[in-house]
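K.L.:
This is the structure I have questions about; it appears just below.
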Amino acid sequence: MINKELEQQILILFNSSKSKTEGFNLLVNTFKEPLYFHIRRILISHDSTDDVLQEVFIKCWNKLDTFNQQSKLFTWLYKIAHNEALQWLSKNKKHIQSNLQQINQQHIPTTTIFAKDAKEISLILEKALLNLPQKQRLVFQYKYFEDLSYKEIQQITGVSIGGLKASYHHAVTKIKNYLSDH
Amino acid sequence: MQNKKDILKNYQDHKPSSVYNVPDGYFDGLNNQIFDKINNKSKVISLNFLFKYAAAIALLIGSYFLFNSTHSTIEISYADLNESIDEYMSFEDELFYTFVTSENDESMSYLDVEQNISDYLEIEIY
Chain A
1 MINKELEQQI
11 LILFNSSKSK
21 TEGFNLLVNT
31 FKEPLYFHIR
41 RILISHDSTD
51 DVLQEVFIKC
61 WNKLDTFNQQ
71 SKLFTWLYKI
81 AHNEALQWLS
91 KNKKHIQSNL
101 QQINQQHIPT
111 TTIFAKDAKE
121 ISLILEKALL
131 NLPQKQRLVF
141 QYKYFEDLSY
151 KEIQQITGVS
161 IGGLKASYHH
171 AVTKIKNYLS
181 DH
Chain B
1001 MQNKKDILKN
1011 YQDHKPSSVY
1021 NVPDGYFDGL
1031 NNQIFDKINN
1041 KSKVISLNFL
1051 FKYAAAIALL
1061 IGSYFLFNST
1071 HSTIEISYAD
1081 LNESIDEYMS
1091 FEDELFYTFV
1101 TSENDESMSY
1111 LDVEQNISDY
1121 LEIEIY
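Note that the protein sequences, when read in sequence, are chains A and B. Number 138 in the numbering used here belongs to position 138 of the first sequence; there are no gaps in the numbering. To convert, take the position in the second sequence, counting from 1, and add 1000; that gives the numbering used here.
Listed below in structure tokens is the structure:
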């Protein structure tokens, strides 16, 4: 989670013509990794994630001066990333299927969870995520990995809080079942 | 059941970078890549603006000349107009008269279909 002071610093720097580039660099440095992995979980492949991430930051450069600060900066950025990633998905449905297969083909040793190393545990969780419907997967990502509140997720996705809670509940149940089976 | 409930806690230290490989140095060079794209796009946008301005100016100049030139050519008197219409109509009448009076001439022979078919059969088939 990004603190409010850092967001304010980014906005002050960006809104001054002298320090606009500095502000933008600070924004990119702050958000590039969390946004990258957020988009990567949706699109799976690095190349498509790279394209979408750069497009997100370019949109941010063009629109940040119109940001009215009614929401947090990271919510605003995640909303752009969310829309860009879903737009990419709708255009490249066949591509995403082959990417999903690549992840699913990665081998997980058949030991118990206590004997697995961190990478193996991570892989199981990512595979469990990939088995979820897109909506549930996204809600789980925002809630579990990004630790966002339902209100923030609502601002990003536009889905009602009731709908988000139901999706998260279904996602957690399915993931727990998947994890206990592996 | 308790174990199943808390199973997700085992994944608290999960790091996506351990599953999704990122090319070496990718994040270091990302800022420059984004700035390159922003600069390229702004060049394209400024060129687009130039083209738009040039097109607008050309349109203004063109419409100015068109407006002026149409005014100078439209000026024609009713007398001249009537005269040219009469001349055209008399020519048309002449053509029509020629057509009507030539009904029995050879020029109308193509209308005699049966005769033409029998001629064709006689020449080409028999």
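Ideal placement from N, C-alpha and C gives every residue a C-beta, glycine not left out.
Could you check which residue in A:Lys72, A:Phe31, A:His46 and A:Leu129 has the C-alpha nearest to that of Asp1024 of chain B?
P.N.:
When only C-alpha atoms are compared, the closest one is A:His46.
K.L.:
DSSP state of Tyr1120 of chain B, grouped into three classes?
P.N.:
Helix at Tyr1120 of chain B.
K.L.:
Please compile the residues from chain A whose C-beta is within a distance smaller than 8 Å of the C-beta of Asn1039 of chain B.
P.N.:
The contacting residues do not exist; Asn1039 of chain B stays about 11 Å from chain A at best.
K.L.:
Report buried or exposed for Tyr1064 of chain B, applying the criterion of at least 16 other Cβ atoms within 10 angstroms of its Cβ.
P.N.:
The residue in question, Tyr1064 of chain B, is exposed, as its Cβ has fewer than 16 Cβ neighbours within 10 Å.
K.L.:
So, using beta-carbon positions, are Phe14 of chain A and Phe24 of chain A closer together than 8 Å?
P.N.:
For Phe14 of chain A and Phe24 of chain A, yes; Cβs fall inside 8 Å.
K.L.:
Beta-carbon of Asn1032 of chain B versus every beta-carbon of chain A: anything under 8 Å?
P.N.:
False, the Cβ-Cβ gap to chain A never drops below 8 Å.
K.L.:
Apart from the five residues on each side of it in sequence, which residues of its chain come closer than 6 Å, Cβ to Cβ, to Thr111 of chain A?
P.N.:
With a pLDDT of only 48 at Thr111 of chain A, under 50, the local geometry of the prediction cannot be trusted, and the value read off the model is given with reservation. Counting only Cβ-Cβ distances below 6 Å, and skipping sequence neighbours, we find nothing.
K.L.:
I need the straight-line Cα distance from Gln155 of chain A to Ile161 of chain A, nearest angstrom please.
P.N.:
Looking at the two C-alpha atoms, the distance is approximately 10 Å.
K.L.:
Hey, out of A:Leu123, A:Glu84, A:Gln70 and A:Glu55, whose CA is closest to Gln1033 of chain B's CA?
P.N.:
It is A:Glu55 whose Cα lies nearest to the Cα of Gln1033 of chain B.
K.L.:
Output, in chain order, the set of chain B residues within a Cβ distance shorter than 8 Å of Gln54 of chain A.
P.N.:
In chain order: Leu1030, Gln1033, Ile1034 and Lys1037.
K.L.:
In this structure, does DSSP put Glu146 of chain A in helix, strand or coil?
P.N.:
Glu146 of chain A falls in the coil class under three-state DSSP.
K.L.:
Just to confirm, are His182 of chain A and Ile124 of chain A a CB contact at a threshold of 8 Å?
P.N.:
Against a cut-off of 8 Å, the Cβ pair of Ile124 of chain A and His182 of chain A comes out as a contact.
K.L.:
Please indicate yes or no: does the CB of Tyr1064 of chain B lie closer than 7 Å to some heavy atom of the ligand SAH?
P.N.:
The ligand SAH is absent from the structure shown, which contains no ligands of any kind.
K.L.:
Assign Ser167 of chain A to buried or exposed, taking buried as 16 or more other Cβ atoms, counted over all protein chains shown, within 10 Å of its Cβ.
P.N.:
By the neighbour-count rule (16 or more Cβ atoms within 10 Å), Ser167 of chain A is buried.
K.L.:
Check whether the stretch 1051-1059 of chain B touches the stretch 65-80 of chain A, counting contact only when three or more Cβ pairs, one atom from each stretch, lie closer than 8 Å.
P.N.:
At 8 Å Cβ cutoff, the stretches do not touch.
K.L.:
Since Lys165 of chain A and Tyr150 of chain A are thought to touch, with beta carbons under 8 Å apart, how far apart are those beta carbons, to the nearest angstrom?
P.N.:
Rounded, the Cβ-Cβ distance is 6 Å, consistent with contact.
K.L.:
Excluding the 5 residues flanking Trp61 of chain A on each side, which residues of the same chain have their C-beta closer than 7 Å to its C-beta?
P.N.:
Hits under 7 Å: Phe24.
K.L.:
Give the range of the alpha helix (DSSP H) segment to which Tyr1020 of chain B is assigned.
P.N.:
Per DSSP, Tyr1020 of chain B belongs to no alpha helix (DSSP H) and is neither H nor E.
K.L.:
For Asp1119 of chain B, collect the residues of the same chain with a Cβ closer than 8 Å to its Cβ; drop the 5 residues on either side in sequence, then sort them by chain order.
P.N.:
Here the set comprises nothing.
K.L.:
Distance check for Leu26 of chain A and Asn1021 of chain B, CA to CA, integer angstroms please.
P.N.:
Near 24 Å, if we compare the C-alpha coordinates of Leu26 of chain A and Asn1021 of chain B.
K.L.:
Is DSSP giving Gln69 of chain A helix, strand or coil here?
P.N.:
In this structure, Gln69 of chain A counts as coil in the three-state DSSP scheme.
K.L.:
What are the complete alpha helix (DSSP H) segments, minimum 4 residues, inside the stretch 10-76 of chain A?
P.N.:
Fully enclosed alpha helix (DSSP H) runs of 4 or longer: 20-43 and 46-63.
K.L.:
Can you say whether Val1113 of chain B is buried or exposed, counting buried as having 16 or more other CB atoms within 10 angstroms of its CB?
P.N.:
Classification of Val1113 of chain B: exposed, given that the 10 Å Cβ count is below 16.
K.L.:
Along chain B, in chain order, which residues have C-beta atoms closer than 7 Å to that of Leu123 of chain A?
P.N.:
Within 7 Å Cβ-Cβ: Val1019.
K.L.:
Alpha carbon to alpha carbon, what distance is there between Lys20 of chain A and Asn3 of chain A?
P.N.:
Their backbone Cα atoms lie some 20 Å apart in a straight line.
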